[in-house]
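Presented below is the structure to which this report refers.
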Ligand SMILES: [Zn+2]
Ligand SMILES: [Zn+2]
Ligand SMILES: [Zn+2]
Ligand SMILES: [Zn+2]
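Chains as they are written, first to last, in this note's numbering: chain L, 1 to 416; chain B, 1001 to 1416.
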């Protein structure tokens, strides 16, 4: 095999705990459910453990689709120009059908965030757009929370190398593995109980925010003076949540955020990113954007600006917000001091906003709202959903009520 | 990684030639075609080379679906009983859709033929049946030759161990790799030219048989006295062949056979297998069956008889023939003396018959015949198509013409 083998650097007991948490907490996989699993090729050891736990939990079928960095690159090396406007729609349509028939969905994250950094950004943009269009029907089942789903992660060596560039590769894999295990709470004596406790804490925060019913949040900090109007009838969520199929699951492992839907037309001011954003193989750093009437009218970045602008041009909704999320600066992931170059981790180390598609579950009675109703209440729609980090220990947040009164929400990055 | 790494035992130049032959001869992949690739997980090195050649040839997208022996076994170890009646229909339906939209299909063979030998044969049978039913729409595009398709193979260590049980594993992988390369003609100076020559030779044999228009073939040998009536308007094929999408491809690499469609109602007598048959993880050896009116009315095997009987009970067509094929005993694969426990190789070392589905292309003007017409002419239909070997250097074959006259076709396993 030409796959790098650093699995000896990964604690096998904790890896098995991660697999168990992914199935029992992340998915709450039900007896008789099919499972659609996607993973980087190097994540084979975790896939095998997850598959075993899935069958123990009564899975009907477990079907894994692997992505291989080498074959992704082969397309850029050898593919004809027309190839970059194509995507395997047949596969995504099949996945959409699986979800319609009740399958759960688990994604193992851990791809090399810099894989495509050296490739032609026009081709990267075209390939991403073709993929987004083809994937939309499947993604909608996820973003509408029709089914129980989860993302967890595996310490891919190419990712570990980026996070710990100065360490020998085995040591980097070991450190990234340990950081993933700690953030995923599988280093605790009883990870299942630890997750129950954590979910209760996040519930407390979202319950308070739902009681306040703020009309907007006002962010101030270095390079940031941003007012994010919240959607009419928005609802805050965090931690475990119940999908439309009735299954209560933890879609993200790890998760530290409480989040809701901004009003797509009511965002004003300017904001600066506080951590780099890794988007499908390209790093976008020091983003600075200005909003008018909810729309990004100016966008800069010190790195990856061309890809950022391609992203913003995906569709009209790509220039508007679909999510705003609060994470204290002292959260364990932030406290680790590690920059993961991976949204699943970095968004849980920092307050963030997301360009693009909103979550219908972040509305009161969201499950029964039509697409038109969601739009009328300020919910954004787009082919994309891209989180980027705007929190730090220098950011203050006020909640602004309908009558204009202000309530401190966060001070210097901590709950006020 | 927990994958065994014996790729150092595999000649990288010949492996790349195999990838090139698979794309340029096996598939004749067309510019703009999507490619659906399936492979055992250990075949990653060959998948990467094939993907590169596919993109060089102008592939739109190359999508690989891997099968992992470990996760297949995990289901038998941990799966609940109901799981064994389920299959990932969403994936197979997606594949069928890909073929309808013009995708080509390449399968890398090389799974451990004994993988499921120790598992509960009732569960193996149920899982196979569920899979066959779910896979039928996709398989029909292959068996109807709607698209260009190919099977080639990779020296999986678990397969190599079975073929060369007395050798150290690296040595077994090396020997199996070399046997695959020789049989696939990629050990020649110019493999593409070697395939053109081989295709011309097979064409000469099928042209002669089509000129003779035999009504039946009569096989005699140890434990065998079998008359195989041929379907009305049958046509012999061998080597390169043109799919309904207009692409001339070599569906099997290697291939040594010329083959046609028997009459599903006109097979009489008894026949003994001359090589073991490996069927989805179980070895079936010393098969002895008796036909009456085209139907198997008695079936025995010294090993795997329970699985054989499950196979025969799949549906009515599973007890009738869908293919008869002629291969000289002196063919290179047979001459190698290696028993591959893999149909792709062993069927090309020996005359064989297949239970189940017939190929519509093995009829004169087959592409324009309806399913009803094919049935009326004697074509069999079934969820399965399983080749098994009945040729040896002790078998004689006569062609029987409509007027009852006999023409020698093979004597002691060689063309007469
Ligand atoms: Zn978020
Ligand atoms: Zn988000
Ligand atoms: Zn055959
Ligand atoms: Zn066959």
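Every residue, glycine too, gets a C-beta built ideally from N, C-alpha and C.
- Residues are counted here when their Cβ sits less than 8 Å from a Cβ of chain B; for the region 59-82 of chain L these are 59, 60, 61, 62, 63, 64, 65, 66, 68, 70, 71, 74, 75, 77, 78, 79, 80 and 82, given in chain order.
- The Cβ-Cβ distance between residue 62 of chain L and residue 54 of chain L falls below 7 Å.
- Using a Cβ-Cβ cut-off of 7 Å, residue 1137 of chain B does not count as an interface residue toward chain L, since no Cβ of chain L sits closer than that to its own.
- Of all residues in the region 346-368 of chain L, none places a beta-carbon less than 8 Å from a beta-carbon of chain B.
- Using a Cβ distance threshold of 7 Å, residue 1318 of chain B and residue 1308 of chain B do not count as a contacting pair.
- A direct Cα-Cα distance of roughly 15 Å separates residue 362 of chain L from residue 372 of chain L.
- Put simply, the region 1119-1131 of chain B does not touch the region 1163-1176 of chain B. Fewer than three CB pairs are less than 8 Å apart.
- Spanning the alpha carbons of residue 395 of chain L and residue 1091 of chain B requires a straight line of approximately 47 Å.
- In the three-state reduction of the DSSP assignment, residue 198 of chain L falls in the helix class, which pools H, G and I.
- In the DSSP annotation of this structure, residue 1234 of chain B is not part of any alpha helix (DSSP H), being labelled neither H nor E.
- Shown here, residue 1219 of chain B sits in a strand according to DSSP, grouped into three states.
- Spatial neighbours of residue 293 of chain L in its own chain (CB-CB distance under 7 Å, excluding positions within 5 residues in sequence) are listed in chain order as 265.
- Going by C-alpha positions, residue 20 of chain L is about 14 Å away from residue 30 of chain L.
- According to DSSP, residue pairing for residue 66 of chain L in a beta bridge involves L:39.
- Sixteen is the threshold: since fewer than 16 other Cβ atoms of the shown chains lie within 10 Å of the Cβ of residue 1408 of chain B, the residue is exposed.
- DSSP, reduced to helix, strand and coil, places residue 1261 of chain B outside both helices and strands of the structure shown, so it counts as coil.
- Within 10 angstroms of the beta-carbon of residue 1335 of chain B lie fewer than 16 other beta-carbons, which makes it exposed.
- Rounded to the nearest whole angstrom, the C-alpha separation of residue 1263 of chain B and residue 1218 of chain B is 13 Å.
- Not one heavy atom of ligand 1 falls within 6 Å of the beta-carbon of residue 235 of chain L.
- Within the chosen limit of 6 Å, ligand 4 does not reach the beta carbon of residue 1285 of chain B with any heavy atom.
- Listed by position along chain L, the residues whose Cβ is nearer than 8 Å to that of residue 1055 of chain B are 74, 75, 77, 78, 79, 80 and 83.
- Taken atom to atom, the span from the alpha-carbon of residue 39 of chain L to that of residue 106 of chain L is near 9 Å.
- Interface residue (Cβ-Cβ distance to chain L less than 7 Å): residue 1174 of chain B is not classified as such.
- Contact between residue 314 of chain L and residue 270 of chain L does not hold, since their C-beta atoms are separated by about 22 Å, which reaches or exceeds 8 Å.
- Of the heavy atoms belonging to ligand 4, none sits nearer than 6 Å to the Cβ of residue 171 of chain L.
- Secondary structure at residue 1020 of chain B: helix, using DSSP grouped into helix, strand and coil.
- For the region 88-99 of chain L, the beta-carbon criterion of a distance under 9 Å to any beta-carbon of chain B is satisfied by 88, 89, 90, 91, 92, 93, 94, 95, 96, 97, 98 and 99.
- In this structure, residue 1348 of chain B lies away from residue 1235 of chain B, with their beta-carbon atoms at least 7 Å apart.
- When C-beta atoms of the region 329-345 of chain L are compared with those of the region 368-383 of chain L, fewer than three pairs fall below 8 Å, so the two segments do not count as touching.
- At least one beta carbon of chain L lies nearer than 7 Å to the beta carbon of residue 1052 of chain B.
- Against residue 1116 of chain B, chain L offers no close residue; the least beta-carbon distance is about 15 Å (beta-carbon pairs closer than 8 Å).
- Contacts between residue 1032 of chain B and chain L, judged by CB atoms closer than 9 Å, involve 80, 82, 83 and 86 in chain order.
- At a Cβ-Cβ threshold of 7 Å, residue 399 of chain L and residue 259 of chain L do not count as neighbours.
- A distance criterion of 6 Å places the beta-carbon of residue 134 of chain L beyond contact range of ligand 2, judged by its closest non-hydrogen atom.
- In this structure residue 1341 of chain B is in contact with residue 1113 of chain B, their Cβ atoms being roughly 4 Å apart against a cut-off of 8 Å.
- Exclusion of residue 181 of chain L from the 6 Å shell around ligand 3 follows from its C-beta lying no nearer than that to any non-hydrogen atom of the ligand.
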